[in-house]
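Asker: Here it is: the structure, laid out below.
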Amino acid sequence: MNISKNETAVMDVLNVMDALHIGPHTFNSRLILGTGKFSSTDVMLRAVRASKAELVTVALRRFNREQLEDDLFGPLSQLEGITLMPNTSGASTAAEAVKAAHISRELSGSPFIKVEIHPNPQHLMPDPIETFEAAKILASEGFLVMPYISADPVLAKRLEEVGCASVMPLGAAIGSGRGLSTAGMLEIIIRESTIPVIVDAGLRAPSEAARAMEMGCSAVLVNSAIAAADNPEEMATAFRDGTSAGRRAYMAGLMAESGEAVPTSPLTSFLGESR
Amino acid sequence: MLTIELNGKPEPVVEGSTVADMLAILGTDGRTVATVVNEHIVRPPERTTAVLQDGDRVEILVFAGGG
Chain A
1 MNISKNETAV MDVLNVMDAL HIGPHTFNSR LILGTGKFSS TDVMLRAVRA
51 SKAELVTVAL RRFNREQLED DLFGPLSQLE GITLMPNTSG ASTAAEAVKA
101 AHISRELSGS PFIKVEIHPN PQHLMPDPIE TFEAAKILAS EGFLVMPYIS
151 ADPVLAKRLE EVGCASVMPL GAAIGSGRGL STAGMLEIII RESTIPVIVD
201 AGLRAPSEAA RAMEMGCSAV LVNSAIAAAD NPEEMATAFR DGTSAGRRAY
251 MAGLMAESGE AVPTSPLTSF LGESR
Chain B
1 MLTIELNGKP EPVVEGSTVA DMLAILGTDG RTVATVVNEH IVRPPERTTA
51 VLQDGDRVEI LVFAGGG
């Protein structure tokens, strides 16, 4: 490899080398996009393009001739370099999630499945027991299982042990925009995991995506923050930059924190009277 | 006539109707949908030969937006 002395070129090369690996798949982008809640398919597609995301989520719904806009498979297939990650939303048990995963794989041909089982529509918190059961079955069937979970280090480890391709703990409740309210638990999960840790749900601002990446997350999954922005395309670009900046900072190594001030300039006096 | 359930709604169909006929009723060419009968996936090549029985539950599904 011919690495130029130009520092920008070196950083670009490092960026390419710093790819995200999930199972046998490699992604250059560490921003995963959800496709829900956009005002139109066109707005969603522009946001996906602007985000440079390579992995996007979709959900199974009944076909409805009156809502042809809902059918995203065709439009998303037109985008280059996009891999679909169907979710199992709507499932409230492991059996339902497994069923949804099978149908989704049939339709998408993608090995990725976001296991998402939240029985309570009030808080949408994931059911850890059903999620674990579904993840275990789907991993044994060869799916690349990406479970959406509470920020629980014990559950995250158990999911890793049964062969999940990643774990996706929440930063805050889905669509809440409360940011990284689970930061302390996320730090433990990141430290303990040997599979990618992807913060899913709760992010509102690109600075939160940056912080998640600085903490050592492998990627972030964002939907509402972009779809509900005044300008989703611009917000997608901002999240792309925030995610990328946070990752760069993590790789560069953040300085150690100190309880006391540490001077950056010499404090030796020469302006006062000589001693 | 038979009565099946098509995407959750009762649908009267003539005997010998297939999954492919249900796609026509709903108005889709079937390229971007998954077809499921009584919780069993019916793959595209099998749709024209999958004959429906009285009481069958047919689901025609697409990928919509989701996070």
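First to last, the protein sequences are chains A and B.
Quick note on my numbering: the first sequence kicks off at 1 and runs consecutively.
Quick note on my numbering: the second sequence kicks off at 1 and runs consecutively.
We put the CB at the ideal spot given by N, CA and C, even for glycine.
1) Under a CB-based cut-off of 7 angstroms, is residue 28 of chain B close to chain D?
2) What number of angstroms, rounded off, separates the C-alpha of residue 1 of chain A from the C-alpha of residue 18 of chain A?
3) Going along chain A, which residues have a C-beta under 7 angstroms from residue 32 of chain B?
4) My understanding is that residue 89 of chain A touches residue 66 of chain B, with C-beta atoms under 8 angstroms, so please give their C-beta distance in whole angstroms.
5) Please decide whether residue 117 of chain A counts as near chain B, where near means a Cβ-Cβ distance under 7 angstroms.
6) Does DSSP classify residue 10 of chain B as helix, strand or coil?
7) Please classify residue 52 of chain A as buried or exposed, where buried requires at least 16 other C-beta atoms within 10 Å of its C-beta.
8) Would you verify that the beta carbon of residue 59 of chain A is, or is not, closer than 7 angstroms to some beta carbon of chain B?
9) Name, going along the chain, the residues of the segment 54 to 67 of chain B whose beta-carbon falls closer than 8 angstroms to a beta-carbon of chain A.
10) What are the boundary residues of the alpha helix (DSSP H) that residue 239 of chain A is part of?
11) Cutting at 6 angstroms between CB atoms, please list the residues of its own chain near residue 18 of chain B, excluding the five before and the five after it.
12) Looking at the secondary structure, which residues open and close the alpha helix (DSSP H) in which residue 19 of chain B lies?
13) Out of A:245, A:222, A:247, which has the shortest C-alpha to C-alpha gap to residue 235 of chain A?
14) Is residue 98 of chain A near residue 134 of chain A, with beta carbons less than 7 angstroms apart?
15) For a contact meaning CB atoms closer than 8 angstroms, what does residue 224 of chain A contact in chain B?
16) Looking at the structure shown, is residue 157 of chain A part of a helix, part of a strand, or coil, going by DSSP?
17) Hey, could you find the ends of the beta strand (DSSP E) residue 29 of chain B is sitting in?
18) Once you ignore the five residues that flank residue 16 of chain B on each side, which residues in its own chain have a CB closer than 7 angstroms to its CB?
19) Would residue 33 of chain B and residue 63 of chain A be called neighbours here (beta carbons separated by less than 7 angstroms)?
20) Closer than 7 angstroms, CB to CB, is residue 103 of chain A near chain B or not?
21) Which of the three DSSP states is assigned to residue 1 of chain A in this structure?
22) Excluding five sequence neighbours on each side, which residues of the same chain lie with their C-beta closer than 7 angstroms to the C-beta of residue 151 of chain A?
23) Is there a Cβ of chain B sitting closer than 7 angstroms to that of residue 254 of chain A, yes or no?
24) Mind reading off the beta-carbon distance from residue 43 of chain A to residue 84 of chain A? Whole number of angstroms is fine, and I expect it under 8 angstroms.
25) Report, in whole angstroms, the separation of the C-beta atoms of residue 113 of chain A and residue 138 of chain A, which I expect to be a contact under 8 angstroms.
26) Just verifying my parser: in three-state terms, what is the DSSP assignment at residue 59 of chain B?
27) Does the segment 19 to 26 of chain A come within contact of the segment 39 to 47 of chain B, defined as at least 3 CB pairs closer than 8 angstroms?
Answerer: Answer, in terms of the structure:
1) In the structure shown, chain D cannot be found, because the protein chains are A and B.
2) As a first step, residue 1 of chain A is located in the first sequence; it is residue number 1 there, counting from the start. As a first step, residue 18 of chain A is located in the first sequence; it is residue number 18 there, counting from the start. Interpretation of residue 1 of chain A is limited by its pLDDT of 48, a score under 50 that renders its predicted location unreliable; the figure taken from the coordinates is listed afterwards. About 15 angstroms.
3) In the second sequence, counting from the first residue as 1, residue 32 of chain B sits at position 32. In chain order: 71, 73, 74.
4) As a position in the first sequence, residue 89 of chain A is number 89, starting the count at 1. As a position in the second sequence, residue 66 of chain B is number 66, starting the count at 1. 6 angstroms between Cβ atoms; contact.
5) As a position in the first sequence, residue 117 of chain A is number 117, starting the count at 1. Chain B, which has no Cβ nearer than 7 angstroms to the Cβ of residue 117 of chain A, makes this no.
6) Taking the first residue of the second sequence as position 1, residue 10 of chain B is located at position 10. Reduced to three states, the DSSP call for residue 10 of chain B is strand.
7) Sequence index remark: in the first sequence, residue 52 of chain A carries index 52 (1-based). It is buried - the Cβ of residue 52 of chain A has at least 16 other Cβ atoms within 10 Å.
8) Within the first sequence, residue 59 of chain A is the residue found at index 59, counting from 1. By this cut-off, residue 59 of chain A is an interface position.
9) So the list reads 59, 60, 61, 62, 63, 64, 65, 66, 67, given in the order they occur along the chain.
10) Walking along the first sequence from the start, residue 239 of chain A turns up at place 239. Its alpha helix (DSSP H) spans residues 232 to 252.
11) Taking the first residue of the second sequence as 1, we reach residue 18 of chain B at position 18. Contacts found: 48, 50, 51.
12) Looking up residue 19 of chain B in the second sequence gives position 19. For residue 19 of chain B, the enclosing alpha helix (DSSP H) starts and ends at 19 to 26.
13) Counted from its first residue, the first sequence places residue 235 of chain A at position 235. Residue 235 of chain A has its Cα closest to that of A:222, out of A:245, A:222, A:247.
14) Within the first sequence, residue 98 of chain A is the residue found at index 98, counting from 1. Within the first sequence, residue 134 of chain A is the residue found at index 134, counting from 1. It is a contact, given that the beta carbons lie within the stated cut-off.
15) Position 224 of the first sequence holds residue 224 of chain A. Correct list: 67.
16) The residue labelled residue 157 of chain A in the question sits at position 157 within the first sequence. Residue 157 of chain A falls in the helix class under three-state DSSP.
17) Residue mapping note: residue 29 of chain B aligns to position 29 of the second sequence, counting from 1. That residue, residue 29 of chain B, is in no beta strand (DSSP E); it is neither H nor E in DSSP.
18) Position 16 of the second sequence, counted from the first residue, corresponds to residue 16 of chain B. If we look at residue 16 of chain B and ignore the five residues flanking it on each side, its Cβ neighbours are 51.
19) In the second sequence, the residue the question calls residue 33 of chain B occupies position 33. In the first sequence, the residue the question calls residue 63 of chain A occupies position 63. Yes, the pair counts as a contact, with Cβ atoms nearer than the cut-off.
20) Residue mapping note: residue 103 of chain A aligns to position 103 of the first sequence, counting from 1. For residue 103 of chain A, the answer is yes, since a Cβ of chain B falls inside 7 angstroms of its Cβ.
21) Residue numbering aside, residue 1 of chain A sits at position 1 when the first sequence is read from its first letter. Any answer about residue 1 of chain A is weak, because its pLDDT of 48 lies below 50 and its placement is not dependable; what the coordinates show is given next. Coil, per DSSP.
22) Looking up residue 151 of chain A in the first sequence gives position 151. Cβ neighbours of residue 151 of chain A beyond the five flanking positions: 169, 170, 182, 185, 186, 189.
23) Locating residue 254 of chain A in the first sequence gives position 254, counting from the first residue. Taking Cβ atoms only, chain B never reaches closer than 7 angstroms to residue 254 of chain A, which makes this a no.
24) As a first step, residue 43 of chain A is located in the first sequence; it is residue number 43 there, counting from the start. As a first step, residue 84 of chain A is located in the first sequence; it is residue number 84 there, counting from the start. No, residue 43 of chain A and residue 84 of chain A are not in contact; Cβ-Cβ is about 19 angstroms, not under 8 angstroms.
25) Start at 1 with the first residue of the first sequence, and residue 113 of chain A comes out as number 113. Start at 1 with the first residue of the first sequence, and residue 138 of chain A comes out as number 138. The pair is a contact, with the Cβ atoms about 6 angstroms apart (cut-off 8 angstroms).
26) Walking along the second sequence from the start, residue 59 of chain B turns up at place 59. Strand, per DSSP.
27) no
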